[in-house]
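K.L.:
If you want it as C-alpha cells, here you go:
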C-alpha cells in the first residue's frame, strides 16, 4: 500500500477544522504535546511502516522546499 | 562492602622454558577468561580441540556485572554441562513490569508458553557464572587455563600468530594457529590489530547498586519511568541470588561520578526507593555506555568475540548473552576448520552472522536508551505521549521501551538453504531450534534440546516419522520423532512448533540453528544442504 495523497475526506474543510479546533486555546507547548500524541495515534492506525516512512519523507520534503523558498526571498 | 571473588594461582607452564627457536605451537589460544572465553574454550575442548586460555588477572572480577542470562545462553550452557548449575543457583524470571510514576503501565511475559526446559531468563551474578565455568574447565584436560598471563604482543604470520605473553616470571612467546580475543570492551588484542571501535556514546550516567536485603518483591523485572523516589529519571529493580537486589538508577548527565558513587549519597536514593533503610551495599558502580562494534570480527588469524568485538547499552541483556552466542557460533566452525573438514571460508560466516546480530543488538539497545534518555525536547514530548497513551491503549503499552530483552538473532546466512516447500510456521533456516517436551521410549529425555545434546551437538537431522526414510549423510546425528523407535511427541508440541507433517525433516547445525528444512527430503538435497552449511561449496 502506498501513501494516499489524493483527497480522502468528503469534506476536507471539516477535517482541517477539527484539528485546528483541537489546538484552540492551547499554549505552544500544549499544542506540541497534542500533536505528538496525535501523530502516534494516527501512525498506529495506519499500521504500515512503508506508508509511515513515505508520509515522513513527504513532510521532510515540504520542510526543505519551505526553507529553500525562504532563502530565495532573502 | 563485601567483595565476592575467587582467587586463582599463577603457575609456571612448560611453554615458558622453551628455547627461542622451538616455540610451543597450539591450535587455539583464547585470550580472556570471562564468560565468553571460558564458554568458547569448553565448547572447543568438548569437540576435541586443545585450547590455551590466557587471562591477565588471577581472580574472578568483583561486582555482579552481567546478571541476566537468556534462555538461549542457558541452552548453550546445557551443552557445555553447566546449565543446571546456573539455573539451580539463579533466580528464574519471565515477567517484566513497567511503571510510570507510581502506577503500573504494562506487564509482559517473555515465555508465556509451557514445554521448555529452560526459562526465559535467570538472574545470576557474573562471578557465579564464571566460577561454575572455571569448575567445568578444570574437568577438561584439553584446556590449559593460565592466570596472570597477559598478552602484550601479537605478530601475525601467514598461517599463525605469535603471542608475547607477560607473566610474574617474565615474558614468553607462543605460536597459535588461531587466536580468539575475548578480552572485553578494552580489548588489547583489538588495539594490537589496529582496528577501530567507533560508535555512539551516551551522555547519561547510570548508577548500579547491589543491595543485600530480605524483601518480598516478586521475582520480576521492574522498570520505572519517573518514579516517585527518583523524579524525572528511570530506575530498574532486579532480584539476584543470595538476597541481593540489583538497582539501576539513571543520573543526570552532569552528575559528578566521584560524588554520586559515595555510599552516603547512594543510600538516601535507595532508601526512598525501598521505603526503608534495612539494606547493605554489596557493590556500587557508575557507568556511561557506548554502542559500537568492530567493522570486521576477523583479522587474519585473530578472531574477536563478545565485548571485544561489540558493545551495547545494558538495557536488554544483550551484552553477555550476545557474547555467548558468538562463542557457540564460532566453536563448531573453528573445530571443523582445525580438523580440515571445512575450508577456512566457513569462518567468514561467523563474521557475517554475528556482525549482523551485533547490529541488531546495537539497534535495539540504542532505541531503548534513546527512549529512556530522550535527547531533544521533541523526543521527550513523543515519549511523554507514549507513556500517557499507554494508560488506555494497547499500542501505547507496546511502544514503551524500557529495554527489549535479548532473543537469538535469525541469521540471513550463506550457510542456510532457502525454503522450497511451503511452511505455516516453525523456525526458518537461520533461526535457532525451538525446545519442546518429548518422551523417549527409554524415558531419560524430557526435552528436544536434550535429545540434540545426546546426538553429540553435531549436525543433526530432526525428522518426523511416517515419511519415506532417508539415510542421513555420514556424521549426521538423527533425532526421530514418532514411529516405532522414535521419541514420543506426547503433547504434540514438537509437531506444532516445527509445523511438522509426516516426513518433515530439519537439518540442525552443531550450534542448534536450523540450516535447512524439507517436507520430503531426499539424500541429494540433504547432502547439498549439509555441504552448504559446512561451508563446502
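Residue numbers (the numbering used here), protein chains in the order written: chain A, 1 to 74; chain B, 1 to 537. Glycine is no exception: its CB is placed at the ideal position from the N, C-alpha and C atoms.
#1: CB-CB under 7 Å to residue 40(B), same chain, minus the five flanking residues each way: which ones, in chain order?
#2: Which residue marks the beginning of the alpha helix (DSSP H) containing residue 166(B), and which one marks its end?
#3: At the level of alpha carbons, what is the spacing between residue 5(A) and residue 35(A)?
#4: Mind checking which residues open and close the beta strand (DSSP E) that includes residue 490(B)?
#5: Helix or strand or just coil, what does DSSP make of residue 371(B)?
#6: For a contact defined as C-beta to C-beta under 9 Å, what are the partners of residue 371(B) on chain A?
#7: Between residue 15(A) and residue 9(A), what straight-line distance do the alpha-carbon atoms span, to the nearest angstrom?
#8: Along the chain, where does the alpha helix (DSSP H) that runs through residue 45(A) open and close?
#9: Given a limit of 8 Å on CB to CB distance, which residues of the region 8 to 38 of chain A reach chain B?
#10: Work out the CA separation of residue 59(B) and residue 85(B) for me, nearest whole Å.
#11: Going by CA-CA distance only, name the one from 276(B), 147(B), 361(B) that's closest to residue 410(B).
#12: Are there three or more Cβ pairs, one per stretch, closer than 8 Å when the region 272 to 288 of chain B is compared with the region 365 to 379 of chain B?
#13: Assuming contact is defined by CB atoms lying nearer than 8 Å, are residue 355(B) and residue 333(B) in contact in what I supplied?
#14: Bridge partners of residue 281(B), per DSSP?
#15: Looking at the unbroken beta strand (DSSP E) that takes in residue 24(B), where does it start and where does it end?
#16: Quick one: any contact between the region 338 to 347 of chain B and the region 394 to 410 of chain B, if contact means 3 or more CB pairs under 8 Å?
#17: I believe residue 286(B) touches residue 257(B) by the beta-carbon criterion, under 8 Å. Please report the beta-carbon distance rounded to the nearest angstrom.
#18: Do you know offhand how far residue 511(B)'s Cα is from residue 416(B)'s?
#19: Between which two residues does the alpha helix (DSSP H) holding residue 127(B) run?
#20: Which value, in whole angstroms, describes the spacing of the CA atoms of residue 49(A) and residue 265(B)?
#21: Return yes when the Cβ of residue 206(B) is within less than 8 Å of the Cβ of residue 556(B), no when it is not.
#22: Taking C-beta to C-beta, are residue 538(B) and residue 386(B) nearer than 8 Å?
#23: Listing by chain order, which chain A residues have their CB less than 7 Å from the CB of residue 381(B)?
#24: Just grab the DSSP bridge partners of residue 173(B) for me.
#25: Please go through the same chain and pick out, in chain order, the residues whose beta-carbon is closer than 7 Å to the beta-carbon of residue 45(B), but skip the five residues on each side of it.
#26: Against residue 389(B), what residues of chain A qualify as contacts under a CB-to-CB distance less than 8 Å, listed in chain order?
#27: Along the alpha helix (DSSP H) that carries residue 14(A), what are the first and last residues, could you check?
#28: I need the DSSP call for residue 116(B), collapsed to helix, strand or coil.
#29: Closer than 9 Å by beta-carbon distance: list the chain A residues that pair up with residue 384(B), in chain order.
#30: With the cut-off set at 8 Å, would you say residue 431(B) and residue 514(B) are in Cβ contact?
#31: Which residues does DSSP pair with residue 68(B) in a beta bridge?
#32: Alpha carbon to alpha carbon, how far is residue 254(B) from residue 260(B)?
#33: In the DSSP output, what is residue 109(B) paired with across the bridge?
#34: Is the Cβ-Cβ distance between residue 225(B) and residue 100(B) less than 8 Å?
#35: In chain A, which residues lie less than 7 Å from residue 395(B) when you measure between Cβ atoms?
#36: Can you give me the C-alpha to C-alpha distance between residue 186(B) and residue 493(B), rounded to a whole angstrom?
P.N.:
Straight from the coordinates:
#1: Only 30, 180, 182, 305, 327, 330, 331 meet the Cβ criterion.
#2: Careful: residue 166(B) lies outside any alpha helix (DSSP H), inside the beta strand (DSSP E) at 161 to 167.
#3: Each residue's Cα considered, the two are about 20 Å apart.
#4: Where residue 490(B) is concerned, there is no enclosing beta strand (DSSP E), given that its DSSP letter is neither H nor E.
#5: Looking at residue 371(B) - three-state DSSP - the assignment turns out to be helix.
#6: Those do not exist, as residue 371(B) stays about 13 Å from chain A at its closest Cβ, beyond 9 Å.
#7: For residue 15(A) and residue 9(A), the distance between alpha carbons rounds to 7 Å.
#8: For residue 45(A), the uninterrupted alpha helix (DSSP H) run begins and ends at 28 to 46, by DSSP.
#9: For the region 8 to 38 of chain A, residues whose beta-carbon sits nearer than 8 Å to a beta-carbon of chain B comprise 32, 33, 36, 37.
#10: Residue 85(B) and residue 59(B): Cα-Cα distance of roughly 20 Å.
#11: Of the candidates 276(B), 147(B), 361(B), the one whose C-alpha sits nearest the C-alpha of residue 410(B) is 361(B).
#12: The region 365 to 379 of chain B and the region 272 to 288 of chain B do not touch, with fewer than three beta-carbon pairs separated by less than 8 Å.
#13: No, the Cβ-Cβ distance between residue 355(B) and residue 333(B) is not below 8 Å.
#14: Per DSSP, 211(B).
#15: For residue 24(B), the enclosing beta strand (DSSP E) covers residues 24 to 31.
#16: No, because fewer than three Cβ pairs between the region 338 to 347 of chain B and the region 394 to 410 of chain B fall closer than 8 Å, the two stretches do not touch.
#17: With a Cβ gap of about 5 Å, residue 286(B) and residue 257(B) count as contacting.
#18: Going from the Cα of residue 511(B) to the Cα of residue 416(B) covers about 13 Å.
#19: Segment 126 to 138, the alpha helix (DSSP H) holding residue 127(B).
#20: When only Cα atoms are considered, residue 49(A) and residue 265(B) end up about 46 Å apart.
#21: Nothing about residue 556(B) can be read from this structure; chain B reaches only from 1 to 537.
#22: Since the first residue shown for chain B is 1 and the last is 537, residue 538(B) is missing from the structure and cannot be characterised.
#23: Residues of chain A whose Cβ lies closer than 7 Å to the Cβ of residue 381(B) are, in chain order, 32, 33, 36.
#24: BP columns for residue 173(B) point to 164(B).
#25: Excluding five sequence positions before and after residue 45(B), the CB atoms of its chain that fall closer than 7 Å to its own CB belong to 51, 140, 142, 143, given in chain order.
#26: Around residue 389(B), the beta-carbon contacts reaching into chain A at under 8 Å are 37, 40, 41.
#27: 12 to 23 is the span of the alpha helix (DSSP H), which, as asked, contains residue 14(A).
#28: In the structure shown, residue 116(B) adopts coil according to DSSP, grouped into three states.
#29: Residues of chain A whose Cβ lies closer than 9 Å to the Cβ of residue 384(B) are, in chain order, 33, 36, 37.
#30: Pairing residue 431(B) with residue 514(B) gives a Cβ-Cβ distance under 8 Å.
#31: Among the bridge pairs identified by DSSP, residue 68(B) is matched with 123(B).
#32: Answer to the nearest angstrom: the Cα atoms are 11 Å apart.
#33: 95(B).
#34: Contact: yes.
#35: For residue 395(B), the chain A residues whose Cβ falls inside 7 Å of its Cβ are 44, in order along the chain.
#36: One alpha carbon belongs to residue 186(B), the other to residue 493(B), and they sit about 44 Å apart.
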